[in-house]
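Trainee:
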Amino acid sequence: MKYSLKCPLCSQSLTIDAETENDAVEKFLSEGKAHTEKHHPNIPAMPEEQMKTMIRFGMKKQES
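So the sequence shown is residues 315 to 378, counted in the working numbering.
1. At what residues does the alpha helix (DSSP H) containing I369 begin and finish?
2. Going by beta carbon distance, what residues of the same chain come within less than 8 Å of F342, once the five residues before and after it are set aside?
3. What distance in whole Å lies between the Cβ atoms of G346 and M365, which are believed to be in contact at a cut-off of 8 Å?
4. Cα separation between A338 and Q376?
5. Once DSSP output is grouped into helix, strand and coil, what is the label at L323?
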């Protein structure tokens, strides 16, 4: 299943393949950290649980 998420800071769209929603959250967590370090280096890191909550709220399952 494909999932998408937009960065709340710059609206860049990220898309990943994942078996479950939990898998998608973990993949977006990793991708989100890398995206933030590269594109928003001056933004302080947020706690992992807070980031997971934002991901769950913002991610969308894409219909096939």
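The C-beta atom is built at its ideal place from N, Cα and C for all residues, glycine as well.
Mentor: In brief:
1. 362-372
2. Y317, L319, L328, I330, I369, M373
3. 6 Å
4. 12 Å
5. coil
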